[in-house]
Each structure stands twice: as C-alpha cells, then as structure tokens.
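In what follows, a single structure is set out as structure tokens and then discussed.
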Amino acid sequence: MYKNRIQASYSMSRPPHPGGFSPGLNQKGVIDPPSFPDAADKLLKNTAEEPFIGPPGVLLLADGTRAEGRLFGSCSTGEGELVFTTGMCGYQESMTDPSFAGQILTFTWPLLGNYGIHPGTSESSGIHPRGIVCRELMVNPDHRDSIGSVHDFLRSHDVPGICDIDTRALTRRVREHGTLLAIFGPIDREDELKKRLESMHPPDQEDLVGEVTLNHAAILNPGASDEEGKPLPRLAVLDCGIKYNILRELCSRFEVVWCPASLPFENIVSDWKPVALFASNGPGDPAHPGAASDARNTLAEAVRAGLPVMGICLGHQLMGLAAGLRTYKLRYGHRGSNQPVMDLETGRVHITSQNHGFAVEDPVQGMLAPHPS
Numbered sequence: 527m528y529k530n531r532i533q534a535s536y537s538m539s540r541p542p543h544p545g546g547f548s549p550g551l552n553q554k555g556v557i558d559p560p561s562f563p564d565a566a567d568k569l570l571k572n573t574a575e576e577p578f579i580g581p582p583g584v585l586l587l588a589d590g591t592r593a594e595g596r597l598f599g600s601c602s603t604g605e606g607e608l609v610f611t612t613g614m615c616g617y618q619e620s621m622t623d624p625s626f627a628g629q630i631l632t633f634t635w636p637l638l639g640n641y642g643i644h645p646g647t648s649e650s651s652g653i654h655p656r657g658i659v660c661r662e663l664m665v666n667p668d669h670r671d672s673i674g675s676v677h678d679f680l681r682s683h684d685v686p687g688i689c690d691i692d693t694r695a696l697t698r699r700v701r702e703h704g705t706l707l708a709i710f711g712p713i714d715r716e717d718e719l720k721k722r723l724e725s726m727h728p729p730d731q732e733d734l735v736g737e738v739t740l741n742h743a744a745i746l747n748p749g750a751s752d753e754e755g756k757p758l759p760r761l762a763v764l765d766c767g768i769k770y771n772i773l774r775e776l777c778s779r780f781e782v783v784w785c786p787a788s789l790p791f792e793n794i795v796s797d798w799k800p801v802a803l804f805a806s807n808g809p810g811d812p813a814h815p816g817a818a819s820d821a822r823n824t825l826a827e828a829v830r831a832g833l834p835v836m837g838i839c840l841g842h843q844l845m846g847l848a849a850g851l852r853t854y855k856l857r858y859g860h861r862g863s864n865q866p867v868m869d870l871e872t873g874r875v876h877i878t879s880q881n882h883g884f885a886v887e888d889p890v891q892g893m894l895a896p897h898p899s
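Mapping of the sequence shown onto the numbering used here: position 162 corresponds to residue 688, and the numbering continues sequentially without gaps.
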C-alpha cells in the first residue's frame with residue numbers, strides 16, 4: 527500500500543507519457559512529424575490486472591525434453607524455435623524486437639519483470655516472439671514509471687508465456703544441441719502439443735521479414751536540420767525488422783525515409799533521392815527467397831549505382847549475400863548484452879549487444895573461421 531501511494535504521488539507530479547513513437551518530435555526544423563504505435567500503448571488504457579497466477583503448463587522440446595511450469599500472458603499455446611538471451615534487463619526491448627519473430631524467447635536471468643513495462647520504450651509496435659519462457663515472473667512490478675506487468679503486456683498482445691521453468695538447464699540443453707523447435711501450452715493438452723510439435727517446421731522457412739516490415743514508406747523527420755539550420759542529408763532505411771531506437775539514432779543525424787524491405791531500388795531513388803542506403807536488423811534466414819531477397823537485390827543495385835550502403839545484423843548479412851558471399855546458421859546464435867568483439871586494428875575488445883542466428887561465411891576459411899575475442 528505504501529509503495530502504491532508513492533507511485534501515485536509521483537505520477538501526479540508530472541504529465542503522463544503520451545505513448546507512441548515519433549522520433550522527429552521536437553527536432554529542429556521538423557513540423558508535424560508522423561507518429562507510430564508503441565507496443566506499450568495498449569497498457570495506457572488501464573488494462574493492468576491484479577497479480578496473476580496462471581494454470582499449469584508444459585514445455586516440450588523436439589529432442590524429448592519436458593518441463594512443467596505455469597502459464598501467463600494469453601495462457602494459450604506458444605510454438606517456434608527455442609532461443610535464449612542472457613541480458614539481466616531490457617526485457618521489454620527484447621520482447622518487442624522484430625528480430626525475435628518466429629521464436630520462443632527464453633530469459634536466462636532468473637527474475638523477469640521486476641521493473642514492469644514502461645511507456646515509450648518499446649522497440650516496435652508489437653511483441654514478436656511467439657512465446658516467452660522464464661524462471662520466476664514478477665507479478666507485482668516495483669517502479670514509478672511502470673504501467674503494467676509482463677503478464678499484462680503479453681495478455682494485451684495475445685502472446686503466451688510460461689514461468690517456473692529451470693531456464694539455465696534449458697539453456698545448457700540448447701548449447702549442447704543447438705536451437706530446437708519447441709512448444710508449450712496447457713498441461714491437460716499435452717498429447718495435442720506432442721502431435722503439433724512433430725509436424726512443426728523451422729520458422730526460417732517462413733518469410734519473416736515480410737511479416738515485420740513496414741507497409742508504406744514515410745519520412746520520419748521531414749525538414750530536419752542541424753544546429754546551424756542546414757538541412758540534414760537524406761537517408762533511406764530498408765526496414766527488415768528495424769528497432770525503434772536505431773531509427774531514433776539515425777534521425778539525430780539524417781532526414782530518414784523509412785522504407786519497406788521490398789521497395790525496389792529505382793522507386794527509392796526516384797521518389798526519395800537519398801544520399802545513402804541503410805539496411806536494418808531483422809528476423810529469419812537472410813537467404814530466404816522472400817522480402818529478404820528483395821532487400822538484398824536493392825543493396826546490390828545501390829552498390830552498382832555508387833550509393834553508400836551500410837548494414838547492421840540481418841542487413842550486414844544481406845550485404846554479404848549481395849557481394850557474392852554465403853551465410854550460415856549459427857549453432858545457437860549470439861543473443862545478449864555481453865558479446866565480446868575484438869577490433870583487429872587496435873586489439874581492443876568491446877562488449878556489445880547482439881541478437882542474430884546467422885553469420886556471413888569467411889570466403890577463405892568458411893564457417894569454421896576463428897572469431898577473436
């Protein structure tokens with residue numbers, strides 16, 4: 527009760543967050559920038575519940591592993607490729623990262639949801655994993671900015687979760703066998719779940735980029751200028767599943783045109799006239815013959831036309847394919863906030879945040895090339 531009074535007092539002392547995603551708002555030179563939904567907006571309408579304890583559930587892996595827990599969120603069936611992330615915090619950002627589309631996301635940190643869900647900090651307009659797995663779920667989050675719990679958040683987006691699972695044992699299993707197909711749901715439907723698991727196919731076979739990309743191109747910060755009033759250069763961004771914070775950072779340096787992954791290069795050049803092209807992060811196999819291949823072709827045409835290009839995560843892999851290299855699937859991917867990377871020119875090691883399941887093959891040593899760290 528005392529905690530709730532403190533939070534209520536704090537909330538009354540400042541205006542509520544308006545919600546939404548509008549990176550051009552309050553930027554110099556920008557008038558009437560567009561706004562897009564934030565995944566947490568659904569919780570701004572007071573949809574939070576009392577602390578929730580869900581029904582019994584069961585998690586099944588393709589290698590025969592079985593674990594019992596309790597369901598939360600939509601309390602329905604979750605299925606996909608089981609992956610894990612090692613970050614201690616940032617769970618809201620991970621759950622709304624389009625790069626996790628098609629997967630069941632396991633959090634290795636033993637407590638999930640202790641600071642709740644915050645407005646305006648999601649990485650997209652929705653929750654993209656097809657299920658969430660955790661050890662202990664915080665049902666009554668303690669933070670002055672919280673507008674709901676992880677359970678409330680998943681329930682509002684009709685996404686299931688399962689808790690009370692030994693996630694560290696699960697992670698060791700994935701490290702031993704690689705990523706596995708998995709399914710979870712109500713324990714009284716276990717026979718159904720087993721049959722469904724036997725017929726599942728890897729999400730890499732789906733056009734995941736096509737599922738998460740933007741529908742229509744838009745300028746995020748029209749008329750943006752620097753501190754001296756000079757117009758910022760225009761950058762075209764191929765949305766393969768981009769995170770909102772990447773767009774925020776780009777908007778601080780460019781006038782950003784947010785483009786669908788399948789938008790042809792000639793349309794980008796004729797309609798928007800950018801000075802450079804950026805390919806974003808995203809889910810799935812970069813060699814999939816869907817929207818990812820459309821983006822790869824656009825990158826190849828941009829290089830041939832002499833337009834500067836840059837890629838991050840999936841965008842980097844697409845650049846490799848556009849250059850004639852090959853990509854391959856990692857055993858269990860790099861997902862977490864503590865991935866070491868060595869700068870081969872300086873010898874310095876940087877700790878990075880990564881989330882990818884594929885990599886570009888070394889043209890000489892192949893996929894077994896060493897990764898210095």
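Glycine included, every Cβ here is placed at the ideal spot set by N, Cα and C. Quantities reported herein were computed from a predicted structural model and do not represent experimental measurements.
Cα-Cα separation between residue i and residue j, rounded to whole angstroms
i: G832; j: R760; result: 16 Å
i: G606; j: S778; result: 36 Å
i: A750; j: D623; result: 27 Å
i: D684; j: R874; result: 44 Å
i: L663; j: A762; result: 40 Å
i: G652; j: R596; result: 23 Å
i: T612; j: S796; result: 43 Å
i: H654; j: L680; result: 10 Å
i: E792; j: L764; result: 13 Å
i: I794; j: P800; result: 8 Å
i: L789; j: I557; result: 26 Å
i: A848; j: A802; result: 16 Å
i: L740; j: P889; result: 33 Å
i: D690; j: C660; result: 7 Å
i: V676; j: H814; result: 32 Å
i: M726; j: N864; result: 32 Å
i: G820; j: D811; result: Going by the sequence as given, residue 820 is Asp instead of Gly. Looking at the two C-alpha atoms, the distance is approximately 13 Å.
i: Y641; j: V829; result: 45 Å
i: P686; j: G846; result: 35 Å
i: E775; j: N807; result: 14 Å
i: E702; j: E594; result: 21 Å
i: D678; j: Q618; result: 12 Å
i: G657; j: Q553; result: 37 Å
i: E887; j: L840; result: 14 Å
i: I772; j: P563; result: 16 Å
i: I838; j: L825; result: 13 Å
i: G862; j: N881; result: 7 Å
i: H669; j: T632; result: 23 Å
i: E827; j: P757; result: 26 Å
i: D752; j: C785; result: 23 Å
Residue environment, residue i, which counts as buried when at least 16 other CB atoms sit within 10 Å
i: G755; result: exposed
i: G850; result: exposed
i: G883; result: buried
i: H876; result: exposed
i: G704; result: exposed
i: I688; result: buried
i: F695; result: Residue 695 is actually Ala in this sequence, not Phe. Classification for A695: exposed.
i: P809; result: buried
i: Q731; result: exposed
Chain-order list of residues whose beta-carbon lies under 8 Å from that of residue i (same chain, five-residue window excluded)
i: R699; result: L587, D589, T591, L706
i: R531; result: Residue confidence for R531 is low, a pLDDT of 41 falling below 50, so the modelled location carries little weight and cannot support an answer.
Same chain, Cβ closer than 6 Å to residue i, neighbours up to 5 away in sequence not counted
i: V738; result: P624, A627, G767
i: M538; result: Any reading at M538 must be qualified, since the residue scores a pLDDT of 48, below 50, and its modelled position is unreliable; the value itself is stated next. If we look at M538 and ignore the five residues flanking it on each side, it has no Cβ neighbours.
i: M836; result: F804
i: L719; result: L586, I709, G711
i: A818; result: V735, P812
i: S561; result: G546, S548
i: R857; result: G704
i: S620; result: T611
i: W635; result: M614
i: Y528; result: At Y528 the pLDDT is 36, less than 50, meaning the model places this residue with poor confidence and gives no usable figure here.
i: V867; result: H876, T878
i: V584; result: E594, I713, E716
i: D671; result: H644
Residue interval of the beta strand (DSSP E) (run including residue i)
i: L585; result: 582-587
i: C689; result: 686-689
i: V659; result: 657-659
Boundaries (first-last residue) of the alpha helix (DSSP H) holding residue i
i: G850; result: No alpha helix (DSSP H) contains G850, which DSSP labels as neither H nor E.
i: V676; result: 676-682
Close beta carbons around residue i, own chain, < 7 Å, minus the five adjacent residues each side
i: K855; result: G883, F884
i: F578; result: F598, V665, H677
May I have a chain-ordered list of the beta strand (DSSP E) segments no shorter than 3 residues that lie completely inside the region 592-645? 592-599, 604-611, 629-633
Can you give, in chain order, each stretch of the beta strand (DSSP E) that sits fully within the region 766-838 and has at least 3 residues? 781-786, 802-805, 835-837
Entirely enclosed beta strand (DSSP E) segments - the region 860-890, minimum 3 residues: 875-886
Which ranges would you report for the beta strand (DSSP E) in the region 698-765 if only whole runs of at least 3 residues count? 706-712, 760-765
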